[in-house]
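Chemist: Please find one structure pasted underneath; my questions will follow.
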Amino acid sequence: AQHEAVHAFGGGSVLDKVKLAIWNEDENIRPYVSRGRAGIATIPQGNRSGVTLIPTTLGTGSEANVNAVLQVGPHRRRLVMRRHAEPFEYQHFPNVYAHLSRQQVLHGVLEIVLRTAGVASVANAEDHERFADMFSDASRYARQVFGVEQAGEDQSLMASIAKLSARTHQVQLQESHTVWVWPLWYLANELSSLADVTKLEASIALVNPVMSRIGEFGYGSKTALSRLEYELGESLADFVTRIGGPLNAAATERMASVDREVLVQQTLSQWSGNMLPLGTASPAFLDAIFEEMASQYA
């Protein structure tokens, strides 16, 4: 089908649904997204569409990302990746962010902080440099937002954050394995699905136990992370929990009370195995991470 000047407004999950619907028009994607146990589904390349994506939230970068997250069950999501995909057209209208609360803006900026830190911690020298620069910008914006009550009304700042978020998805990485960023995203994806919290809330809860184990997943470097933290002037975990917190009691209670055995099994089912982000991570290793996460809120 041909689309004429269709504009899609929404947060990251809405824009992902639009992308999935457009891809499904090109070719039925159900056979590709419903098979297999893994958290990743690859679909064929299709035609470009005439849709323009306009985000109304900050940080996800969905408008510039060629992937989409699909809800495949009440507590399960799958990352849908398109082969050799061209990104959609997108536009930013900074005035739409004025309705966001200060914490929503902060959590949006922290998504960028964690994304850029993640790639910089696992990347080769060239990619590390580029993402370290974007990490520096993201952490500076986070501090700016943290210092004002009505940050969403600062259209210049909102425009800068939105552009940076999009740019983090547009850098062509030199090494394909760095597409996995780091384990935090994948663990947070499952915790947020099962505990019914946002991905960023789950990331904040997991940042301490995951940061302390960088390098133990088979990729990622504590040295690279330390370089970022030296520039930051504090540990990344401290920065993220200070800027992003405090998490509300209902969210922490749900995360602390998740059935850990189910959480570990689902995380391994989705993301472990050959060529997948968690590789050969053991159940005991993941259980220790989730146990440490829960103990923070005991």
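Counting in my numbering, the sequence shown runs from 35 upward without gaps. In this text, a Cβ means the ideal position worked out from N, Cα and C, and glycines have one as well.
Measure the C-alpha to C-alpha separation of L218 and G95 and round it to an integer number of angstroms.
Modeler: So the two alpha carbons sit approximately 17 Å from each other.
Chemist: Give me, in chain order, the residues of the same chain whose beta-carbon lies closer than 6 Å to that of A236; leave out the 5 immediate sequence neighbours on both sides.
Modeler: Excluding sequence neighbours, A236 sits near A222, L225, S226.
Chemist: Contact between the segment 130-142 and the segment 186-206 is defined here as three or more beta-carbon pairs at a separation below 8 Å; is this criterion met?
Modeler: Output reads yes: the segment 186-206 touches the segment 130-142.
Chemist: Of the choices G93, N129, A151, whose alpha-carbon is the least far from that of L140?
Modeler: Selected option, being the one with the closest Cα: G93.
Chemist: I'd like to check one pair, N242 with A283: are the Cβ atoms closer than 7 Å?
Modeler: No; because the gap between Cβ atoms is not below 7 Å, this pair is not in contact.
Chemist: So which of A322, G249, A172 has the shortest CA-CA distance to I277?
Modeler: For the residues A322, G249, A172, the minimum Cα distance to I277 belongs to A172.
Chemist: Using 10 angstroms around the beta-carbon of M309, count the other beta-carbons present and answer buried if the total reaches 16, otherwise exposed.
Modeler: Exposed, because fewer than 16 other Cβ atoms sit within 10 Å of the Cβ of M309.
Chemist: Between which residues of its own chain and A332 is the CB-CB distance below 7 Å, once the five residues before and five after are set aside?
Modeler: Here the set comprises A290.
Chemist: Roughly how many whole angstroms lie between the Cα atoms of K53 and A102?
Modeler: Approximately 7 Å, taken between the alpha carbons.
Chemist: Just to confirm the assignment, what range does the beta strand (DSSP E) spanning P89 have?
Modeler: It spans 85-89 - the beta strand (DSSP E) in which P89 sits, taken as one unbroken run.
Chemist: Does DSSP put M115 in a helix, a strand or coil?
Modeler: In the structure shown, M115 sits in a strand (DSSP, three-state: E or B).
Chemist: Which residue comes first and which comes last in the beta strand (DSSP E) that contains A75?
Modeler: From DSSP, the beta strand (DSSP E) with A75 extends over 74-77.
Chemist: Report yes or no: do three or more beta-carbon pairs, one from the segment 142-162 and one from the segment 111-118, lie closer than 8 Å?
Modeler: These segments do not touch.
Chemist: Which word fits T314, buried or exposed, when buried means at least 16 other C-beta atoms lie within 10 angstroms of its C-beta?
Modeler: Result: exposed.
Chemist: From I56 to N62, what distance separates their C-alpha atoms?
Modeler: Using only the alpha carbons, I get a separation of about 10 Å.
Chemist: Would you identify the three-state DSSP class for A42, choosing helix, strand or coil?
Modeler: Three-state result, A42: strand.
Chemist: Taking 7 Å as the threshold (C-beta atoms), are V85 and V40 in contact?
Modeler: The answer is yes: Cβ separation under 7 Å.
Chemist: For R149, count neighbouring Cβ atoms within 10 angstroms of its own Cβ and tell me buried if that reaches 16, exposed if not.
Modeler: Buried.
Chemist: For L49, which residues of its own chain have a beta-carbon under 7 Å away from its beta-carbon, when the five flanking residues on both sides are left out?
Modeler: Excluding residues within five positions, the ones whose Cβ falls inside 7 Å are A42, L87, P89, S96, E97.
Chemist: Cβ atoms of Y175 and P311: under 7 Å apart, would you say?
Modeler: Cβ atoms of P311 and Y175: not closer than 7 Å.
Chemist: For I77, collect the residues of the same chain with a Cβ closer than 8 Å to its Cβ; drop the 5 residues on either side in sequence, then sort them by chain order.
Modeler: Answer for I77: W57, E61, I63, Y66, V67, V114, M115, R116, R117, listed in chain order.
Chemist: Spell out whether any CB of chain C is found under 7 Å from the CB atom of F127.
Modeler: Chain labels in this structure do not include chain C; a single protein chain is all it has.
Chemist: Spatial neighbours of G254 within its chain, please: C-beta separation below 6 Å, excluding the five flanking residues on both sides.
Modeler: Around G254: S155, V156, W216, I248.
Chemist: Taking the alpha helix (DSSP H) that G152 falls in, what are its first and last residues?
Modeler: G152 -> alpha helix (DSSP H) spans 136-156.
Chemist: Exposed or buried, what is P128 when buried is set at 16 or more other beta-carbons lying within 10 Å of its beta-carbon?
Modeler: Flag for P128 reads buried.
Chemist: Between the Cα of E163 and those of G267, E325, R261, spot the shortest distance and give me the residue it belongs to.
Modeler: Out of G267, E325, R261, R261 has the C-alpha closest to the C-alpha of E163.
Chemist: Return helix, strand or coil for V292, following the three-state DSSP convention.
Modeler: In this structure, V292 counts as coil in the three-state DSSP scheme.
Chemist: Does DSSP classify L104 as helix, strand or coil?
Modeler: Correct three-state label for L104: strand.
Chemist: When the Cα of A146 is compared with those of Q105, A239, A196, G73, which residue comes out closest?
Modeler: Position check: residue 146 holds Ile in this sequence, whereas Ala was assumed. Out of Q105, A239, A196, G73, A196 has the C-alpha closest to the C-alpha of I146.
Chemist: Can you name, in chain order, every residue of its own chain whose Cβ lies under 7 Å from the Cβ of L266, other than the five neighbours on each side?
Modeler: Closer than 7 Å at Cβ, skipping near neighbours: S173, F273.
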